[in-house]
Structure formats: C-alpha cells, structure tokens
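Just so you know, we're using our numbering here: the sequence shown kicks off at 7 and counts up by one.
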Amino acid sequence: MSQDVENIKPCYPLFRGEEYRENLANKKALYEDAHDAERVKQVFEWTTSEEYKELNFQREALTINPAKACQPLGAVLCALGFEKTLPYVHGSQGCVAYFRTYFNRHFKEPVACVSDSMTEDAAVFGGQKNMFAGLENARSLYKPEMIAVSTTCMAEVIGDDLNAFIANAKKNGHVPQDFATPFAHTPSFVGSHVTGWDNMFEGILRYFTLNDMADKKPGSNGKLNVVPGFETYLGNFRVIKRMLAEMGVDYTFLSDPEEVLDTPADGQYRMYAGGTTIDQVKDSPNAINTLLLQPWQLEKTAKYVEGTWGHTIPELPIPMGLEWTDQFLMTVSELTGKPIPPSLEKERGRLVDMMTDSHTWLHGKTFALWGDPDFVMGLTKILLELGAEPTHILAHNGNKRWRKALLKVLEASPYGKKAEVHIGRD
C-alpha cells in the first residue's frame with residue numbers, strides 16, 4: 007500500500023482504507039486457514055459457559071491474563087516520589103519504554119526514567135559496563151540528587167549484582183562516592199508491581215538509615231510517617247494531607263509523587279517537582295510512628311521499620327470507607343494527642359448522608375471486583391457499607407492470608423455471604 011507524501015495516513019485512517027481492507031481479507035482467506043464464522047461463534051459461546059469456567063479455574067500451572075504488572079514498574083513509581091530523584095532501570099530500553107508509556111497513559115504527564123540499555127552482549131557478559139556508562143551519563147545529563155536503581159528480568163536471570171556494580175562505578179570514578187544511589191533487586195518473574203514498590207522503598211530506607219541509627223530516637227521529631235504504597239490516585243494524597251493538616255498533625259509522606267505526576271500546564275517542563283527529601287528520609291526513624299496505608303503490599307517495609315527503626319506499626323486497614331477511615335483518624339489522634347476537629351466530623355456526617363441517599367440505587371446491587379489486594383479490600387468494605395453485594399472478587403497478587411482476611415470482612419456483613427474470593431487467577 008503506497009502513501010501520498012502530501013497526505014500520509016496514520017493508523018486507523020490507513021486501516022479503514024479499501025486497499026487495506028482488501029489485503030487483510032485476502033490474507034485471512036488465503037493464508038491463515040481460519041475457522042468459519044459459525045465455528046468462531048460456537049467457541050465464543052462455549053467460553054461463556056459454566057463448563058469452561060470450571061475448567062478455567064482448575065488451571066494451576068499458568069495464568070493467561072494476570073491482573074498485575076511487573077516489579078520494576080512499582081520501583082519506578084516509588085522512586086518518582088522522592089525529591090530530584092531519577093528512576094534508573096538496569097535492563098533493556100524496551101522495559102523502560104513500557105513503564106513510561108504505562109504511567110504516561112494513566113497520569114497524562116511526562117515521566118522521567120532511564121535505562122542502561124542492556125542488549126545481547128550484556129546478557130552474555132553481564133551489564134556492569136552498561137551501568138558504568140549509564141550512571142555517569144544519567145547524572146551528567148539530568149542532574150538528579152539521587153538515582154534509584156532497580157532491575158528487569160534480564161539482569162536478574164544472569165545474576166547481576168547491583169551492590170557490587172554500583173560500588174565499582176563509584177570506585178572507578180563514574181559517579182562520586184557520596185552520590186546517593188539506593189537500589190533494589192526487582193525480578194519481574196516474582197511478585198508484582200506492588201512487590202517492586204515495596205522492595206524499592208525498603209532499599210531507599212536501608213540506604214539512608216541502616217548505618218546511621220546511633221542517634222535516632224523514635225518520637226523525638228514529633229512527626230508521623232505516612233507510607234502510601236503503590237498509589238496512583240493522586241487525589242488520595244491530597245485528602246490525607248488535608249485531614250492531617252486540619253488535625254494539626256506534623257507528618258512526613260514517605261514517597262510523595264503528587265507534584266511530579268500532576269504538574270500544571272503553564273509552559274514549563276518540570277523533570278523534578280516536589281517529593282520527599284533526603285533529609286526527611288534520614289530523619290524518619292525519629293518519628294512517633296509509621297503508618298502503612300496499604301499494609302498487604304508493604305511487608306518488607308514493615309519488617310524493616312519495626313526491626314531497624316524500632317517502630318510498632320499499628321494494625322490498620324487501608325483507609326477506605328466509613329469505618330476504616332474512622333479507624334485511621336482515631337489512630338492518628340491517639341498517637342499524636344491531637345483531637346479530630348469539627349470540620350472532619352461534619353465531613354463524616356456528609357458521607358453518612360451520601361450513603362443514605364444512595365441506598366435506593368446501590369442496595370442489593372451485585373458487583374465483581376478486581377485489582378490490587380489493599381485497594382480491592384477497601385472497595386469491598388465500601389460496597390458492604392452501602393448495602394451492595396460483591397459476588398466475585400479477584401486479586402491476582404493476593405496471598406492466602408489476604409484471602410482469609412477478606413473472607414472475614416465479608417462474613418461480618420449480611421451483604422457478603424455470596425461472595426467468592428479468587429487469588430492467583432486471571
């Protein structure tokens with residue numbers, strides 16, 4: 007199919023052309039050995055049957071379309087939440103192109119992230135030379151104050167050692183010895199995007215605080231640490247911050263991408279905007295306590311914060327819905343001694359009014375849910391409070407303990423009796 011240089015047709019206009027349609031029809035008829043329309047319809051109808059569903063759920067060896075992404079995607083989002091930090095992925099360009107596209111499409115913002123472009127040579131001989139050049143070039147070109155390094159499956163399969171590679175890069179003068187380079191191994195074939203966020207976050211905390219705990223004392227700075235986890239709804243950051251501000255609570259959001267992923271359209275490009283500072287990370291062990299907003303995805307972080315910082319993390323569910331938001335605010339009040347102000351009490355009353363008003367439309371309606379474990383659990387809680395009935399709930403990256411906890415939530419409500427909870431499915 008030829009194109010006219012004066013009228014080049016992209017994508018869909020080209021595909022709708024008569025010549026393209028004719029070529030496609032010939033390809034199907036002459037070369038694909040395709041089934042006829044009746045057979046296609048027959049198979050489609052079978053895939054919607056109970057027989058197919060039972061066979062599908064019996065699969066144990068694989069999932070066809072898992073509701074998750076890979077670890078380094080989460081690591082990139084975590085790194086974006088720190089001030090003047092450049093996410094750096096030790097792996098191929100294609101992986102990073104996917105991560106950037108994924109976030110571009112969701113946030114509608116440019117996303118800064120680099121890779122060291124590992125290819126076939128690096129896959130055979132290791133990617134240390136790629137990292138030497140990559141760290142040096144990234145620091146020189148983009149002027150970050152921190153480069154947070156994660157990995158793709160290529161680097162993990164061949165066993166590249168990030169700690170050794172980064173140490174050698176500094177030893178050979180590619181980056182200064184005191185330049186901040188936290189890292190995390192984030193193999194794509196284990197866990198999911200939320201695991202990658204957790205691993206990267208724990209790596210950043212470890213880098214800045216593990217060997218600097220001698221003068222740290224929990225409670226000495228009078229602040230609360232708030233850890234959001236893999237959170238892509240930036241409005242949630244603003245709501246939590248507003249609530250804490252109305253209570254007069256001094257806090258530190260650890261990994262805060264609210265600004266960099268929602269910059270204004272004023273003609274100025276901001277590669278770095280907002281975020282948690284390095285000084286705030288270093289001071290975070292001195293906080294009164296650390297609140298994990300999505301505890302099911304932050305297991306490694308919880309272990310580090312309790313074991314190294316000496317914080318006793320409150321057992322809180324994700325603050326979604328009436329009861330669990332109450333629990334979050336009351337815990338904040340208990341830890342800080344700050345009362346819940348009348349403004350939040352009024353806001354709570356409006357929520358109750360909204361729930362009552364929506365009763366006619368939502369009570370008894372059935373829903374199927376899928377997503378990440380904490381989010382799905384929070385959404386289930388909201389629906390139960392509204393009198394809606396979740397029927398099928400899927401978290402591919404949930405574990406057996408999460409499933410047991412969610413079943414307990416469902417059993418406590420008359421609207422959750424019919425629900426089925428699925429993990430590791432697609």
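Built from N, CA and C at the ideal position, the CB exists for glycine as well. This one's a predicted model, so the numbers in the text were calculated from it and none came from an experiment.
DSSP places tyrosine 275 outside any beta strand (DSSP E), giving it a letter other than H or E. Serine 198 places its beta carbon 8 Å or farther from that of methionine 160. One Cα belongs to phenylalanine 21, the other to asparagine 13, and the distance between them is close to 15 Å.
Here asparagine 231 carries a strand assignment [DSSP, helix/strand/coil]. By the Cβ-count criterion, serine 364 is exposed, with fewer than 16 other Cβ atoms from all chains shown falling within 10 Å of its own Cβ. Annotation: threonine 53 to histidine 398 spans about 18 Å, alpha carbon to alpha carbon.
Within the region 167 to 234, complete beta strand (DSSP E) segments of at least 3 residues are found at 230 to 233, given in chain order. Of the candidates Ala401, Ala418, Asn405, the residue whose Cα lies closest to the Cα of lysine 74 is Ala401.
Closest in alpha carbon position to serine 339, among Gln300, Pro323, Asp256, is Asp256. By alpha-carbon distance to alanine 271, the top candidate from Tyr310, Pro116, Arg212 is Pro116.
Under the DSSP definition of a beta bridge, alanine 401 partners with Ile429.
Here lysine 387 is buried: its Cβ has 16 or more other Cβ atoms, across all protein chains shown, within 10 Å.
If you check the CB distance, tryptophan 315 and aspartate 380 do not come in under 8 Å. Within the same chain, Ile294 come within 7 Å of glycine 225 by CB-CB distance, once the 5 residues on both sides are set aside.
Put simply, of Gly404, Tyr275, Glu391 the residue whose alpha carbon is nearest the alpha carbon of alanine 418 is Glu391. Under DSSP, isoleucine 153 takes part in a beta bridge, and its partners are Leu92. Contact between valine 95 and isoleucine 210 is absent: CB atoms are separated by about 15 Å, not below the 8 Å threshold. If you check the CB distance, threonine 157 and asparagine 231 do not come in under 8 Å. In terms of CA proximity to alanine 394, Lys423 leads the group Gly241, Lys423, Thr331, Gly404.
For aspartate 289, the closest alpha carbon among the candidates Tyr278, Leu341, Phe185, Lys222 is that of Lys222.
The closest CA to that of leucine 168, considering only Ala35, Gln274, Phe138, is found on Phe138. Here threonine 192 is buried, its C-beta having at least 16 other C-beta atoms within 10 Å.
Straight across, the Cα-Cα distance linking phenylalanine 189 with proline 320 is about 27 Å. Taking C-beta separations shorter than 6 Å and ignoring five residues to either side along the sequence, the partners of glutamate 89 in its chain run Gly281, Thr283, following chain order. Assigned with DSSP and collapsed to three states, leucine 322 falls in coil, not helix or strand. Boundaries of the beta strand (DSSP E) harbouring phenylalanine 373: 372 to 376, taken from the DSSP string.
DSSP places asparagine 71 in the coil class of the three-state scheme, outside both helix and strand. Here the C-alpha atom of leucine 68 lies approximately 42 Å from the C-alpha atom of leucine 147.
Cβ contact annotation for asparagine 136 (same chain, cutoff 7 Å, sequence separation greater than five): Asp122, Ser123, Met124, Ala128, in chain order. Under DSSP, leucine 297 takes part in a beta bridge, and its partners are Val232.
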